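Residues in the sequence shown are numbered consecutively from 24, following our numbering. Ideal Cβ placement from N, Cα and C applies to all residues, glycine included. All of these numbers come straight from a predicted model, not from anything done at the bench.
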Amino acid sequence: MTHSPWQPISGSRLELGEGLRIIDGTIRWVDLLRGQLYAWTPGSADRATLVRTFDAPLGFVEKAPDGRLIAALGTGLSWLREDGSITEIASTGLNPSRHRVNDGSFAPDGSCWFGTMVHDGSPPDGHLWRWDPETGEVSALMSGIEIPNGPIFLPEIQAMLIGDTVAGVILSKSLVPGSSADPFLKVDGGSPDGMHVDRDGRLWNAVWGGHRLDVYEPGERCAKPLELPVSQPTSVTLIASDDPLVIVTSASIGLDTPGPLDGFTIAAPLSLLALEPARVRGLRRSSSSRKGHGTRAP
């Protein structure tokens with residue numbers, strides 16, 4: 024039997040692991056629907072610890088440019104203070120019984136862009152929002168994306184990438200105000216979920232339902248697939264070092280019979296992983312392009 028390089032770093036199976044972030048050397052992620060925040064520091068412990076449980080869906084926790092912790096919580100954004108208090112700073116005005124946050128990221132100008140989606144089985148109503156820390160203004164940048172995943176920013180080309188998960192496409196949007204979003208990459212055999220750009224400029228995409236990561240070299244549109252021992256990977260990040268550690272969250276939601284690692288957060292040294300030759304992903308929509316509880320994806 025071949026020994027897998029992938030090892031679990033979470034101590035239990037999560038419903039919807041998401042939102043990988045590296046904050047001051049500690050890896051953090053969430054169990055989104057349960058509102059749970061986890062943390063793991065490489066070299067300090069075998070498994071992650073549960074940091075806190077919130078009473079609302081938790082999309083991600085990130086370190087803002089000014090050093091404070093910000094959380095995508097419920098239907099908006101909040102500061103997480105050292106004394107444990109929570110202060111809402113960005114309200115979308117959405118109904119929390121119908122909507123929830125998903126993923127997000129900070130733009131080069133210090134604003135926070137984040138997505139929302141429905142979670143009650145009602146008709147799709149996904150949006151991408153921008154919070155301006157200078158004015159406190161929250162503005163809707165995009166609508167019509169049933170499940171927005173990402174976004175990530177590519178400062179060298181002044182663009183943002185965001186996954187339209189149900190449509191099976193990654194969109195590119197210029198950071199110039201008023202610009203439209205255009206198809207950038209089509210994903211076949213699964214649905215685009217969380218993304219990461221490493222220090223070498225490679226784009227990593229977790230492919231929900233695809234048992235894999237898709238890796239794109241700078242300037243390339245052909246993916247190098249990396250097989251995973253989980254069927255529903257949701258986010259990915261790398262710890263930069265001479266031999267980077269690849270970390271992936273996953274989900275067990277919607278699986279009748281989860282595999283041994285489905286729902287766990289897993290890690291493996293990049294040197295032990297075999298990237299397949301690059302190939303163009305097809306243009307067909309996969310049957311797994313609608314994911315998660317019911318027919319909608321997390």
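Helix, strand or coil, according to DSSP, for residue i in the structure here?
i      : result
Ile45  : strand
Arg123 : strand
Ile93  : strand
Leu295 : helix
Leu55  : helix
Ser312 : Summary for Ser312: the model assigns pLDDT 38, below 50, so the residue's position carries little reliability; its value from the coordinates is reported in the next sentence. Correct three-state label for Ser312: coil.
Glu179 : helix
Val84  : strand
Ala130 : coil
Trp29  : coil
Ala79  : coil
Apply the 10 Å Cβ neighbour rule to residue i and answer buried if 16 or more other Cβ atoms are within range, or exposed otherwise.
i      : result
Val199 : exposed
Ala274 : buried
Pro283 : exposed
Who are the Cβ neighbours of residue i in its own chain at under 7 Å, not counting the five residues just before and after it?
i      : result
Arg225 : Val238, Tyr239, Glu240 and Pro241
Relative to the C-alpha of residue i, which candidate in the options has its C-alpha closest?
i      : options                          : result
Arg222 : Ala263, Leu249 and Ile32         : Ala263
Gly58  : Asp78, His150, Arg153 and Leu249 : Asp78
Ser33  : Gln255, Thr288 and Glu160        : Thr288
Note down, in chain order, each residue of its chain lying with its Cβ closer than 6 Å to the Cβ of residue i, except the 5 sequence neighbours on either side.
i      : result
Phe129 : Cys135
Leu341 : There is simply no residue 341 to check, as the chain begins at 24 and stops at 321 in what is shown.
Gln181 : Leu198
Would you mind stating whether residue i and residue j have Cβ atoms separated by less than 7 Å?
i      : j      : result
Thr257 : Pro215 : no
Gly186 : Gly213 : no
Glu111 : Thr272 : no
Pro119 : Thr98  : yes
Phe176 : Ile193 : no
Trp29  : Leu43  : no
Pro80  : Leu55  : yes
Gly149 : Met218 : no
Ile45  : Trp63  : no
Kindly list the residues whose CB is nearer than 8 Å to the CB of residue i, restricted to its own chain and excluding five residues on each side of it in sequence; keep chain order.
i     : result
Arg36 : Ser275, Pro281, Asp285, Gly286 and Phe287
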